[in-house]
Structures are given as structure tokens and as C-alpha cells.
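As C-alpha cells, the structure follows; a few thoughts come after it.
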Amino acid sequence: MEDFFNIGAGTIPGDREYQDDYYERHPLDSHSYLLILADGMGGYAGGSIASRTVVKNFKANFDKNNSNIKEALHQALIKANEALAHKKETESPKLSQMGTTLIAVYITQSFMQWVSVGDSPLWIVRKKGRLYQYEIERINKNHSIAGLLELQFKHGEIDKEERDSSPNRHMLTSAITGEELKSIDLSNKFPLEEGDIVILATDGIETLKEDEIKEIIRKSKDNIQATKDILDAVIAKKSDNQDNSTIIIASPKEILKDSSNNTPNYINNQIDKNPKPFYTQILSPNKLIYIGSFIVVVLFLILLKILWIDTKVDNNTTTTRKENNATKIKKEDNKTVVKTLPKLTNQTIATTTHTLEAVTSEENNMSAQKTLTPTPKKRTKISPKALEAKEKEDNSTVSTETNTSKSSVVTPKNLEFTLKEDNSILDYIAKNKAEEQKQEEVNVLIIQSELRIEAF
7 MEDFFNIGAG TIPGDREYQD DYYERHPLDS HSYLLILADG MGGYAGGSIA
57 SRTVVKNFKA NFDKNNSNIK EALHQALIKA NEALAHKKET ESPKLSQMGT
107 TLIAVYITQS FMQWVSVGDS PLWIVRKKGR LYQYEIERIN KNHSIAGLLE
157 LQFKHGEIDK EERDSSPNRH MLTSAITGEE LKSIDLSNKF PLEEGDIVIL
207 ATDGIETLKE DEIKEIIRKS KDNIQATKDI LDAVIAKKSD NQDNSTIIIA
257 SPKEILKDSS NNTPNYINNQ IDKNPKPFYT QILSPNKLIY IGSFIVVVLF
307 LILLKILWID TKVDNNTTTT RKENNATKIK KEDNKTVVKT LPKLTNQTIA
357 TTTHTLEAVT SEENNMSAQK TLTPTPKKRT KISPKALEAK EKEDNSTVST
407 ETNTSKSSVV TPKNLEFTLK EDNSILDYIA KNKAEEQKQE EVNVLIIQSE
457 LRIEAF
């Protein structure tokens, strides 16, 4: 049956000549255990008798068939206290002051419940996150002056020095003595999580600080090794007047889901004011972290995909718009060319005609000036005889021309008529040239228009 649990236990006397501590591990069935530990008091032999008497009677009177575990624990405690009272009556008067603390834990693979009286601590060591980090917490009440001082410190009524230096801090406010029990810590169900480790101890183990105990647990391969290492650490401290030290370390090898409908609760026999969310009972913190991380990654990838699609659509839309605008511009350009071609042609013809007329008129004027302007002759020296002969010849020529016809004489009117005829000829030539040039320009414009239309 121990295959379902990993349990280690041990005890050392410390500097005492006698051992007041006593413990038992009792398997109830294949999936549950009863762990009992007591720290006796009352001087030589008294403490040992008290702790042994209470543990054995508690074990004998625990009704494992009672479905109400809380009631079964309470009834076993009452029977153990009555057994100690009877022991006092039948034993030597020297044992009248004997008494003991007690922790009894009912543990299964899904939860645990306990009853405790006195100052013996009950710790839970729980994994925190990944990377093998642990946290340790005392979960039962401390029925001693030290417990009251701790509460006063938490409420700000005293400082740390006053809490730790009180000479009465180890005095008990409740214990099993065979008389009426003043205070009992009786829990409801305490749900266990994967990796939880339960520690029952006597106050001699508190020579070590909680962080030291937690570190030893973290480094140990199993609970048996952790038990040995913790007791060795207590011995290594070499504390003055070291008390007896006893420890039980237990944990289920596998956590099973609790199918009962009882409300998980474990503090001071009251309803938990801050219950854990329901999903923590189904999923461990590590699983929740993994699931949350996965969801974040998926959402991030979806966001990136959406942004990528939007960017691609914007680019495609922009490209399409540019292509449509370019096509539209080309069509408008072609329409503009076709519409404006006749106007451009007429305007160009008119401008060209005007320019050619101006150029032709200027050329005609220059030609007329050249015609009317006599070409200067070179002067040559001639003899008097030759000059006289020349004059006679000229006079005879003039007389002959005068007598022949008056019409042969050049008059201003005849010269004006001749010039007009010459200008008409020049105008005709200029007009022919202008028409040829206009036709060439029109042909050029037509060719350019055809090229644009082909390009489109």
C-alpha cells in the first residue's frame, strides 16, 4: 500500500537524556494513510508515556469507516484525551503533570484533513511555477505564546524583536493533559496539488528556519532522503539544549481528483473567506501558464496575418488605381488629340500663311531695290579725241532712237507698270511656296496624330 505514497519519518533525541516524541504511520486502505505525531512533556518518563498513550489510543479509536472524516478525527482525539486521564489516575502521582501535543493527519491521493493541539507544526511545501521553485507554509494553528506573539506581530501590535525575545514564547496555551481541551484545530478538506509535500514535526525541528527546510526538500531525491537530511541539518546546528526532533514527510505519488462534494477548507474550522477559483482545482498553475502562453502566441500570429493581408490588399488596390488612372489619362489624351487636331491645323495654317506673306513681301521689296539701284561703273581715263568721238556717237544714237518711236522712251509711268508686273509674279511665287509649306505642316501633324493613336 505504500506504493501510492512517498513517506519518510525519523527522530533524534537532541541534547536530552530521554525521548518524549512518538509517531506512527498507519495505512487505512490502498489510497489513504493516518499519520500521527506527539511531543510529550512532564519530565523524565512522563512525556514519553503521555505521547505514546495518546498516539496509540488515537489510532485505535479512529473510525476509518466513518464517511465524515472531520467527526472521526474529533472523536479519536476525545478518546485519546480520556485515555491519558485514565493513565494519570492509575499511574504514579509523579506523572500527574504529564501531557503532550498532537498532530493527526488523514491523507489521501486527493486531499487531507487534520486535527492538532499544541505547538507542533504542520507544513505544506508546494511547487511554485516552473524551474523547481517551492514555497513553504504552516497551515495549522500554533497553540502557544509564540503563536499569540506572531498574531500580534502580524497586526502591528508588537515589533519583531519583542516577538522573538519573549521568555515565555514556548509556553503552551492548549495541550492534551486528560482535562478539558482548551483549543483544537480541526480542519475541513485541504485539496492537494501535484507535487505537494506534507510535513509533520515537533518543535525541535524549528531549530531550522522554514527556508532551510524548503531548500533541503528541493534538493532531496525523495522524502526518505529529505527526512535524513533535515535531521542531519538540525544536528549540524549544534544548538544549546537541543530538544527532541521528530519529522514525518509524506506525499502522494499521484494526485487523484476528489469526487466528493465537500467544500475544500482548512483554516480554523471555518468557511474559507478566499476560496481558490474552481479552475485551479482542475488545472495546475503550470498548465494554466502553458495554456495562457499558447493563447497569446496564437492571437499574436493571427494579428500579424491580418496586418499582412491588409497591407497586401492596400498595395493591390493602389496598383490597380494607378493602372486605371494611367489608362484613363491615355484615353483622355487620345480624345484630346483627335478633338483638337482640326483646330490645331487651321490655327497653324493661318499662322504659317501670315508668316510666309510677311517673308515674301520683304523679299520682294529687297529685289525691287536691287533692280532700281544702278550698278556703279568703273571710271577709266580716255583721250580728248576719243571723248569727242564718243560724244558724236551718242548724239547720233539718241537722235535715231528719238525719231524712231516715242514709245521707246522710258517714262515714270512705264517704270511703275513694269514694277507692278514684277510684284505680281513674285506674289504668285510666294503664294505657291506658302501653300506647299502649309501642306507639309498639315502632313506632319497628321503623321504625329496617327503615331499617338497607334501608341495608345
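Numbering (the numbering used here) for the sequence shown: 7 to 462. All C-beta atoms in this analysis are idealised placements derived from N, C-alpha and C, irrespective of residue type, glycine included.
Asked	Found
Check this for me: beta carbons of isoleucine 205 and asparagine 174, under 8 Å apart or not?	no
Please list, in chain order, all residues of the same chain as aspartate 35 whose beta carbon is under 6 Å from its beta carbon, the five residues on each side excluded.	none
Per DSSP, histidine 32 forms a beta bridge with which residues?	Leu40
Distance check for leucine 192 and histidine 92, CA to CA, integer angstroms please.	24 Å
Please work out which residues of its chain come closer than 6 Å, Cβ to Cβ, to lysine 100, disregarding the five sequence neighbours upstream and downstream, and give them in chain order.	none
Arginine 144 lies in the beta strand (DSSP E); which residues open and close that run?	140-144
With H, G and I counted as helix, E and B as strand and the rest as coil, what does DSSP make of threonine 233?	helix
In angstroms with no decimal places, state the Cα-to-Cα distance between isoleucine 301 and leucine 41.	43 Å
Can you have a look at threonine 386 and say buried or exposed, based on whether 16 or more other CB atoms are within 10 angstroms of its CB?	With a pLDDT of only 46 at threonine 386, under the threshold of 50, the placement of this residue in the model should not be trusted, and no figure is reported.
Out of Asn148, Glu186, Lys220, which has the shortest C-alpha to C-alpha gap to aspartate 209?	Asn148
Only counting the same chain, and skipping five residues up and downstream in sequence, which positions put a Cβ closer than 7 Å to that of serine 57?	Asp26, Asp27, Tyr28, Ala44, Asp45, Gly46, Thr106
Would you call the CB atoms of tyrosine 39 and alanine 207 closer than 8 Å?	no
If you draw a straight line from the alpha carbon of leucine 108 to that of glycine 124, how long is it in whole angstroms?	7 Å
Answer yes or no: does any C-beta atom of chain B fall closer than 8 Å to that of lysine 259?	Looking for chain B here will not work: only one protein chain is present.
On a Cα-Cα basis, can you pick out the residue from Gly153, Lys188, Gly135 that is closest to aspartate 202?	Gly135
State the beta-bridge partners of arginine 224 as determined by DSSP.	DSSP lists no partner for arginine 224.
Do threonine 17 and serine 251 have their C-beta atoms closer together than 8 Å?	yes
Have a look at Gly48, Thr213, Gly20, Ile145 and flag the residue whose alpha-carbon is nearest the alpha-carbon of leucine 178.	Gly48
Going by C-alpha distance, which of Glu185, Tyr112, Lys70 is nearest glutamine 103?	Glu185
Quick check on histidine 161: buried or exposed, where buried means 16 or more other Cβ atoms within 10 Å of its Cβ?	exposed
Would you tell me roughly how many angstroms separate the C-alpha atoms of histidine 37 and glutamine 115, rounded to the nearest one?	6 Å
Give the single residue among Ala15, Ile182, His80 whose Cα lies nearest to the Cα of valine 60.	Ile182
What residues are listed by DSSP as bridge partners for asparagine 12?	Ser257
Identify, in the order they occur along the chain, each residue of the same chain with its Cβ nearer than 8 Å to the Cβ of serine 226, setting aside the five sequence neighbours on each side.	Ala232, Asp235
I'd like to know whether the C-beta atoms of asparagine 63 and lysine 94 end up nearer to each other than 8 Å.	no
Could you give the residue range of the alpha helix (DSSP H) that holds serine 172?	Careful: serine 172 lies outside any alpha helix (DSSP H) and carries neither H nor E.
Taking 7 Å as the limit between beta carbons, can you name the residues of its chain near isoleucine 222, skipping five residues before and five after?	Ala232, Asp235, Ile236, Ala239
Straight-line CA distance for glutamate 167 to isoleucine 241?	26 Å
Can you tell me the Cα-Cα spacing of isoleucine 254 and isoleucine 308, whole angstroms?	52 Å
Could you give the first and the last residue of the continuous beta strand (DSSP E) run that contains glutamine 119?	117-123
For the alpha helix (DSSP H) that lysine 524 lies in, which residues bound it at each end?	Because the chain here runs from 7 to 462, residue 524 falls outside it and cannot be looked at.
Using only the alpha-carbon positions, how far apart do tyrosine 24 and asparagine 247 sit?	13 Å
Apart from the five residues on each side of it in sequence, which residues of its chain come closer than 8 Å, Cβ to Cβ, to leucine 313?	none
How long is the line joining the alpha carbons of glycine 20 and proline 258, rounded to whole angstroms?	30 Å
Does the Cβ of serine 122 have 16 or more other Cβ atoms within 10 Å, making it buried, or fewer, making it exposed?	buried
Helix, strand or coil for serine 150 per DSSP?	strand
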